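Structure, as structure tokens:
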Ligand code: PBG
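Residue numbers (the numbering used here): 360 to 695.
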């Protein structure tokens, strides 16, 4: 005889999980295509798309292919793209002067995308790492023992104005220098770009999860050289109060949107920033998070689609209004 036992139980939470219709009604968090931003890598010339080894399905694209990809994303309902240039190493130098070239690859890419798909929001990074031979986000001090904060901020303001002139909707300072958001706002306004917004990488951690990205844009040197890591500007992974403070400061300096990066390992920070700042909050599911899911799926150890969906839903649940993710296109296909 089957074992029987009965509880006298008025509260039975499982009642609401009984059918898919009820589970749908109870859903507290939903992910939509309108929440997603697709990061894209752009290269010079007319080369065929080059897949990034540690990021299956992510390519470095020549401008013509980039425009095609942006058109496809726009058709799928993805509202925005973030563009990252990969420069020929010959164009890099200590001072990252390529960042102020009016004909810089990323600026030509922005112009081409905005011309072809004006409704697609375009975002560009404001930082020197694609342009410096040492891979740092700024210029170095005379002794080469650190990144020079104020001199870097001066360059970033000029860089932001060039990007605004090329037509970006949002500039995204990703450098973590002190005072850069305020200085960029001032520079944009002085050049009459009062409508160009700032998506600030506000709470950006010194993370191992950026590895595949640095490979993709060729800024890997800074990660592990004897010179220094990015630890003097990016946040310590263990510091929560400091991370929240950075977002509060950026919001006060005039950031229109604050961002937490990486996302998956920093869900508590997303939640705290969400509670502390009334401006929109973005989160960046970075290259290493993407690589990790793909690698495990390739080994047959995790289900790619379910893990991907869960990872993004968790970021949304933590409090992100929008998510930069290399899964944007796949998710848009799924979500419709
Ligand atoms: C550069 C920048 C980085 C990323 C975005 N902008 C890397 C870094 O700080 O070294 C990482 C994105 C990713 O890993 O997907 N300032």
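For each residue, glycine too, the CB sits at the ideal point set by N, CA and C.
Just so it is clear, the structure is predicted and the values come from calculations on it, not from any experiment.
Should residue 554 go down as buried or exposed, given a rule of 16 or more other Cβ atoms within 10 Å for buried?
Under this definition residue 554 is an exposed residue.
Along the chain, where does the beta strand (DSSP E) that runs through residue 561 open and close?
556-563 is the span of the beta strand (DSSP E), which, as asked, contains residue 561.
Taking the alpha-carbon positions, what's the residue 508 to residue 380 distance?
So the two alpha carbons sit approximately 55 angstroms from each other.
Under three-state DSSP, which class holds residue 585?
Any answer about residue 585 is weak, because its pLDDT of 49 lies below 50 and its placement is not dependable; what the coordinates show is given next. Looking at residue 585 - three-state DSSP - the assignment turns out to be coil, as it is neither helix nor strand.
Going by DSSP, name the residue or residues bridged to residue 643.
Answer is 683.
On the premise that residue 564 lies in contact with residue 625, defined as a C-beta separation below 8 angstroms, what is that separation, rounded to the nearest angstrom?
Right, their Cβ atoms sit about 6 angstroms apart.
Would the stretch 608-616 and the stretch 645-657 be scored as touching if the rule is three or more Cβ pairs under 8 angstroms?
Flag = no, the stretch 608-616 and the stretch 645-657 do not touch.
Keeping to the same chain, check which residues put their C-beta closer than 6 angstroms to that of residue 679; ignore five residues upstream and five downstream.
So the qualifying residues of the chain are 629, 640, 642.
Would you call the stretch 530-542 and the stretch 484-492 in contact, with 3 or more CB pairs under 8 angstroms?
Yes, since at least three Cβ pairs between the stretch 530-542 and the stretch 484-492 fall closer than 8 angstroms, the two stretches touch.
If you drop the 5 nearest sequence neighbours on each side, which residues of the same chain put their C-beta closer than 7 angstroms to that of residue 571?
The answer, listed in chain order, is 411, 413, 414, 646, 647, 650.
Once DSSP output is grouped into helix, strand and coil, what is the label at residue 368?
In the structure shown, residue 368 sits in coil (DSSP, three-state: anything other than H, G, I, E or B).
Do residue 440 and residue 390 come within 7 angstroms of each other at the CB atom, strictly closer than that value?
Result no, Cβ atoms of residue 390 and residue 440 do not sit closer than 7 angstroms.
Looking only at C-alpha atoms, which of 494, 635, 688, 552 sits nearest to residue 517?
Nearest C-alpha to residue 517: 552.
At a cut-off of 6 angstroms, would you count residue 592 as near the ligand PBG, judging by its Cβ distance to the nearest heavy atom?
Result no, Cβ not under 6 angstroms from the ligand PBG.
Answer yes or no: the CB of residue 546 versus the heavy atoms of the ligand PBG, is any distance below 6 angstroms?
Flag unset: Cβ of residue 546 not near the ligand PBG.
Considering just the uninterrupted stretch of the alpha helix (DSSP H) at residue 392, what are its terminal residues?
That residue, residue 392, is in no alpha helix (DSSP H); it is neither H nor E in DSSP.
Measuring straight from C-alpha to C-alpha, what distance separates residue 480 and residue 526?
Taking the straight line from one Cα to the other gives about 10 angstroms.
From residue 468 to residue 504, what does the alpha carbon distance come to, in whole angstroms?
Going by the C-alpha atoms only, they are around 34 angstroms apart.
For residue 666, collect the residues of the same chain with a Cβ closer than 6 angstroms to its Cβ; drop the 5 residues on either side in sequence, then sort them by chain order.
Closer than 6 angstroms at Cβ, skipping near neighbours: 652.
Would residue 494 pass as a contact of residue 561 if the rule is Cβ separation under 7 angstroms?
Contact: no.
For the ligand PBG, is there a heavy atom less than 6 angstroms away from the beta-carbon of residue 645?
Under cutoff, so the answer is yes.
Using the three-state DSSP reduction, which class does residue 463 fall into: helix, strand or coil?
In this structure, residue 463 counts as coil in the three-state DSSP scheme.
Give me, in chain order, the residues of the same chain whose beta-carbon lies closer than 7 angstroms to that of residue 519; leave out the 5 immediate sequence neighbours on both sides.
Closer than 7 angstroms at Cβ, skipping near neighbours: 485, 530, 543, 546, 547.
Is it right to say residue 419 is buried, meaning 16 or more other beta carbons lie within 10 angstroms of its own, or is it exposed?
That one is buried.
So the beta strand (DSSP E) residue 443 belongs to, where does it begin and stop?
Element bounds for residue 443: 439-444.
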